[in-house]
Each structure stands twice: as C-alpha cells, then as structure tokens.
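Notes follow the structure.
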Amino acid sequence: MKVGKPKSKRQPVRLRHKIEKASAQKQKKAKKLAKKNPEWRSKAKKDPGIPNLFPYKDKILAEVEEQRRQKEEDAVRRRELAKQQKAGGGAATDAMESDDEDFEQFDAEGDELLAEDSDDGDSMQVDTNPMAALLASAKARAAEFESKNGNDEDAMDDDESDEEEGASGVRKDSSRKQFDKIYKQVVDSADVVLYVLDARDPIGTRSKDVEQLVMSADGGSKRLIFILNKIDLVPPPVLRQWLVNLRRSFPTLPLRASKPAPNAKTFEHKDLTMKSTSETLFKALKTFAESRQLKRSIKVGIIGYPNVGKSSVINALAQRMGGRIGACPTGAEAGVTTSLREVKLDNKLKLLDSPGIVFPNDPEGTKENKVQQQARRILLNAVPPREIADPVPAVTLLLKRLSGSEELFGKLMEVYDLPALNGTGNEKTTDFLIQVARKRGRLGKGGVPNLHSAAQTVINDWRDGRIQGWTDPSKYKPAEPIAANKTAPALKTAGLVGDQKEIVKEWATEFKLDGLWGDEPEATEAMEE
363 MKVGKPKSKR QPVRLRHKIE KASAQKQKKA KKLAKKNPEW RSKAKKDPGI PNLFPYKDKI
423 LAEVEEQRRQ KEEDAVRRRE LAKQQKAGGG AATDAMESDD EDFEQFDAEG DELLAEDSDD
483 GDSMQVDTNP MAALLASAKA RAAEFESKNG NDEDAMDDDE SDEEEGASGV RKDSSRKQFD
543 KIYKQVVDSA DVVLYVLDAR DPIGTRSKDV EQLVMSADGG SKRLIFILNK IDLVPPPVLR
603 QWLVNLRRSF PTLPLRASKP APNAKTFEHK DLTMKSTSET LFKALKTFAE SRQLKRSIKV
663 GIIGYPNVGK SSVINALAQR MGGRIGACPT GAEAGVTTSL REVKLDNKLK LLDSPGIVFP
723 NDPEGTKENK VQQQARRILL NAVPPREIAD PVPAVTLLLK RLSGSEELFG KLMEVYDLPA
783 LNGTGNEKTT DFLIQVARKR GRLGKGGVPN LHSAAQTVIN DWRDGRIQGW TDPSKYKPAE
843 PIAANKTAPA LKTAGLVGDQ KEIVKEWATE FKLDGLWGDE PEATEAMEE
C-alpha cells in the first residue's frame, strides 16, 4: 500500500484575512449594540470564585468569612467611638482618663526616683536629672498635642462650612469683594465702557445699577455702548426688535465675537458676519479715539455678566488688528476670567477685560426666592457647572419659558426626539428628564434614570445653543431713561438730566455708528424718538 503525501494544513492569506475581518466586524457590531442597550452593566469582571476541586476551599472560605466579620465589628466599633467623641463622653473620655492615670503613675514613679536619688546624697541637681527632663518634655508634648487637635477641629469645621457654601453655588465673600474691586477699577480707568449683553436675554443680562454707576462716574464724561453678542442664536426679526428697543437707551451694536459650539442651532445673518461686526466696532472705537485728540491712549473697559462673551469681544478686536489669536482665555463655562487683563491694540486703544459679576436684577419685577434666583442665573450661564447643586429647578424654568411658544417647545422636543409630555409643573419636568435620561443613557444602577445628570445635560445643551430659545422683545417696554431716573441723584449734579434721545444721538455721532441697521428707518426712528 502506497502511503500518500500528507495534506497540508496551510490556508491562503486571503481566507485568513477574511476570517479576521469577519471577526472584527462581529466584535464592532456587538459593542455598538451594547451601547444602545439601556440596561446597566458593570465594567468590573466577575470573580470566578474558588474551584470546587480545590482541597482547602472550606478553610479559605472560613478565613474570608472571619475577616469579613472582623471588618464589620471594627466598623461598628469605630462608629460608636465617633458618636461618643461627638457627644463628648463615653469610651473616649474613659480612654483619656486612663491615659491621665498612666501619666500620673509615671509622674509618681519619677518623683520616687528623684526622692531616692536625693536620699542617696547624689550631688546632681533636679534640673539636670534625665528623668525630670523626660517628664517635662512629655508634659510639653501633651499640651502641644491637645492644642493642635483643637486647632484641627476648628479648621475642619471651617472647611465644612466652606464646602457647604460652595455647594450652594454662592461665591466666597473674599472672591466677590475682589471681583467688585476689579470691576470698579475697570469702570474708573475706562473712557468707553462696552456693556456686553446676551442676545437671547438682553434684559436678563442688563443691570440698571451698572448703567447708573457708569453714567455718574467721573462727572458723566464716560461713554456707554451696548454690545449685543451671540446674535447667531436668535432670528433676524427678533434681533431687529431688540436693537430698536435698546437703542432708545444707549447706542447698541450687534456682534458675532466667536464661532458657535458644535451642533448649535444658529441663524444666518447675511450682513452680520464675524468680520463685518468686529470691524465696525473697531472703526467706531478708532473714530472716538481720534475725535478726543488725547496724548494718551483711550482705554475701553469690557463689562457684563459671566459667560456673555467679554473675552471673546477682545479676541475679535485683536484679530482685526492682526494680533495673536486668543489674547484672552475663553471657555464655554463661566468664571474663566478671574483678574484684570489689559490688551493693547495700538497706540490709541487699550482694552480692559474684567471678570463677570452677577448684579441684583429682577427683569420681571417679581420677588424671587433663592431657588428661583439660582435657576434664573443658571439659564443666564452665570453659574459654573461645578457650583450647580440642583439643576432641576432651572430645567423647570426653561420648560416654563419655552412652553409659551409652541414653535420653540416643538424644537425642544425635536432635539431629544421625545413624544408629548404628561402633567404640569414639576410632574412635567420629571417626565421630561426621565425621557431625556433614557435617550441620552443617563441611567444609574439597575437602569434607574439619573435625573440630576439628565438635567445637567439639558443645561449644557442650552448653554451651547443646541436648544433654541430667546425672550420676546414685545413683552418688555422700552427702558426708562437713566438720566431721568430719580434714583440717580449724581446724574443731576453732572448735568445729565434731560432727554435720553439727545444723549444717544450725540454719542452715536461721536462713534459714527453707520451700517449694521444703523441707517435703516426703524433704527433711525428709534434713535430720534
């Protein structure tokens, strides 16, 4: 019988690559399906345990059980000891008494030794006795230890109070005083003040106290201009109405200072691009600087609420001069700018950046509690995410505002692809957050929706412009002229009491605010009426 040649087990490279490719595709598909599965899964690998055939399994399990029992007993004992220490008695006091007894016994033994030494006629003095020195050192260390423990407890109490204050979203008094000092320094040293407002809520980011302070500073010689930023987040008709409304108080310019966030829902303004708006603002400032004919440079202060885009305005103006990109650090969260920053554009212009400060402001004229005030500030993006203790009331306020317009509320549902909501008030908010948590995978252990995480997601989407929303200009009447306000007596002494339209018209002439709807009939009538 002839033995045949053994068959080779080798396979073509094409077939081997085909198998590897199919395996990779299968793993990729399994990972994709696992991400879509809303059920909670632990990433930790399961312990296989001890094999049944292992000869010492019972002994090992007994040792593990004994260790677990000892840990539980230690935990219970530590909790009881902590309670007793907190109450100021119990085992802790007994332990301290036992320590005192041991120390007294040690002290008595030392005295006996000293007495024996003196009876033996030792010529060594008490001060030079090693045992006496040891006793004195021990007493000093005990006193130092007790004082140190007392200071540590006080420091821990202070830290706890600081943590509670930080969790409530309120800045420390020292930081607020420092920011107020920087803000006043900017206003006092600036010749022109640019008050940056958010186009989605100009009234919410506007403060009459700030306007009165600027108008009354330095004998009324300072100029105030409103900068309506983030105009790409509102439609053109709404922007026009806000410009007409605000120009009855002060000269107002629209501005696109930076690019929108990824996936933001923006509106196209053909004539109002980043380049054209920033160039117009720069030309207006240059015109004012040339008209003053001062030997020094004109200082322009940038003020406004947190996260309205003050640093972005400076960066936009610096880029128009061919300066470096990112002259001032910016970010999507509030609180990036924490100190005074000066940027020199040329020999005639200097820009002063200031940290954002939340001033008392109630645009709706209603008394708000602390929860409502915090919710309104969160929607103004004036609170950093790390300082938001409870974002749910802010989501409730957002739903309440968007419910007034069927179009805006429908767009909100389209963002998360949600069906109609059930209930009203808090029930409606809870239903909304549960559906958002399921859609975005914000689930806790056991697949339970995490409402806090879902509410934080909604707040972030609102901050970045993924959720469309703005205030209706028709609901707000034109602001009362600052110069005629009875609460600003300093303006009367400065000679500024009169028609606000004359002041606005005069200032607009100084800056030559042409273009950007400045020549259109609506804006002209608003400036003259």
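Reading the sequence shown from the start, the letters are residues 363 to 891 in this note's numbering.
Every residue gets a Cβ at the ideal spot worked out from N, C-alpha and C, and that includes glycine.
*asked:* In this structure, how does DSSP classify Thr649 when only helix, strand and coil are distinguished?
replied: Translated into positions along the sequence shown, residue 649 becomes position 287. Here Thr649 sits in helix by DSSP.
*Going by the CB atoms, is the gap between Leu590 and Leu559 shorter than 8 Å?*
Locating residue 559 in the sequence shown gives position 197, where the first residue counts as 1. Locating residue 590 in the sequence shown gives position 228, where the first residue counts as 1. Contact: yes.
*For Val558, three-class secondary structure by DSSP*: Walking along the sequence shown from the start, residue 558 turns up at place 196. Val558: strand per DSSP, three-state reduction.
*Straight-line Cα distance separating Leu586 from Leu858*: Position 496 of the sequence shown, counting from 1, holds the residue named residue 858. Position 224 of the sequence shown, counting from 1, holds the residue named residue 586. Here Leu858 scores only 39 on pLDDT, less than 50, and its place in the model is too uncertain to base an answer on.
*Which residue from Gly666, Ile796 and Ser836 puts its Cα closest to that of Gln818?*
For the purposes of this step, residue 818 is identified with residue 456 of the sequence shown, where counting begins at 1. Closest option to Gln818, Cα to Cα, is Ile796.
_Here's the rule I'm using: 16 or more other beta-carbon atoms within 10 Å means buried, otherwise exposed. How should Tyr418 be labelled?_
Sequence index remark: in the sequence shown, residue 418 carries index 56 (1-based). By the neighbour-count rule (16 or more Cβ atoms within 10 Å), Tyr418 is not buried but exposed.
*Regarding Arg748 and the ligand NAP, is the C-beta to nearest heavy atom distance less than 7 Å?*
Among the components of this structure there are no ligands whatsoever, and the ligand NAP is therefore not found.
*Three-way DSSP call (helix, strand, coil) for Asn669 in this model*: In the sequence shown, residue 669 corresponds to position 307, counting from 1. In this structure, Asn669 counts as coil in the three-state DSSP scheme.
*Under a three-way DSSP split, which group does Asp481 fall into?*
Residue 481 sits at position 119 when you count from the first residue of the sequence shown. The pLDDT assigned to Asp481 is 45, lower than 50, so where the model puts this residue is not dependable; a value taken from the coordinates is nonetheless given after this. Residue state, collapsed to three classes: helix.
*At which residues does the alpha helix (DSSP H) containing Leu760 begin and terminate?*
As a working note, residue 760 is residue 398 in the sequence shown. Its alpha helix (DSSP H) spans residues Val754 to Leu764.
*Select from Thr628, Lys807 and Asn788 the residue whose C-alpha is nearest the C-alpha of Lys773.*
Locating residue 773 in the sequence shown gives position 411, where the first residue counts as 1. Ranking the options by Cα distance to Lys773, first place goes to Thr628.
*Would you tell me roughly how many angstroms separate the C-alpha atoms of Ala678 and Ser620, rounded to the nearest one?*
Working through the sequence shown from its first residue, we reach residue 678 at position 316. Working through the sequence shown from its first residue, we reach residue 620 at position 258. Cα to Cα, the separation comes out at about 7 Å.
*asked:* Tell me the DSSP secondary structure of Leu634 in three-state form.
replied: Taking the sequence shown and counting its residues from 1, one reaches residue 634 at position 272. Three-state result, Leu634: coil.
*Does the Cβ-Cβ distance between Ala756 and Asn669 come in under 8 Å?*
Translated into the one-based positions of the sequence shown, residue 756 becomes position 394. Translated into the one-based positions of the sequence shown, residue 669 becomes position 307. No, the pair does not count as a contact, with Cβ atoms beyond the cut-off.
*Straight-line CA distance for Thr786 to Phe794?*
If you number the sequence shown from 1, residue 786 lands on position 424. If you number the sequence shown from 1, residue 794 lands on position 432. Approximately 11 Å, taken between the alpha carbons.
_Chain-order list of residues whose beta-carbon lies under 7 Å from that of Arg763 (same chain, five-residue window excluded)_ = Counting from 1 along the sequence shown, the entry for residue 763 is found at position 401. So the qualifying residues of the chain are Gly831.
_Closest residue to Ser765 among Ala751, Leu783 and Pro753 (Cα-Cα distance)_ = Numbered from its first residue, the sequence shown carries residue 765 at position 403. Closest by alpha carbon: Leu783.
*asked:* Could you check whether Pro835 and Gln681 sit closer than 8 Å to each other, using their CB atoms as the reference points?
replied: Numbered from its first residue, the sequence shown carries residue 681 at position 319. Numbered from its first residue, the sequence shown carries residue 835 at position 473. It is not a contact, given that the beta carbons lie outside the stated cut-off.
*Give me whichever residues DSSP pairs with Asn591 in a beta bridge.*
By one-based count along the sequence shown, residue 591 stands at place 229. DSSP output for Asn591 lists Asp560 as bridge partner(s).
*What's the C-alpha gap between Ala737 and Ser569?*
Reading the sequence shown from its first residue, position 375 is the one you call residue 737. Reading the sequence shown from its first residue, position 207 is the one you call residue 569. So the two alpha carbons sit approximately 18 Å from each other.
_Span separating the alpha-carbon of Val777 from that of Arg802_ = Position 415 of the sequence shown, counted from the first residue, corresponds to residue 777. Position 440 of the sequence shown, counted from the first residue, corresponds to residue 802. Each residue's alpha carbon lies about 11 Å from the other.
*Buried or exposed (CB count within 10 angstroms, at least 16 for buried), Ile422*: As a position in the sequence shown, residue 422 is number 60, starting the count at 1. Label assigned to Ile422: exposed.
_Cβ neighbour criterion (16 or more within 10 Å) applied to Ile381_ = On the sequence shown, position 19 is the one that residue 381 refers to. So Ile381 counts as exposed.
*Taking the continuous alpha helix (DSSP H) assigned at Lys575, which residues delimit it?*
Taking the sequence shown and counting its residues from 1, the one referred to as residue 575 is at position 213. In the sequence on display, residue 575 carries Leu and not Lys. Here the alpha helix (DSSP H) through Leu575 covers Lys570 to Ser578.
_Beta-carbon contacts of Pro624 that lie in its chain and below 6 Å, excluding the five residues immediately before and after_ = For the purposes of this step, residue 624 is identified with residue 262 of the sequence shown, where counting begins at 1. Around Pro624: no qualifying Cβ.
*What are the boundary residues of the alpha helix (DSSP H) that Lys773 is part of?*
Along the sequence shown, read from residue 1 onward, the residue named residue 773 stands at position 411. It spans Glu768 to Tyr778 - the alpha helix (DSSP H) in which Lys773 sits, taken as one unbroken run.
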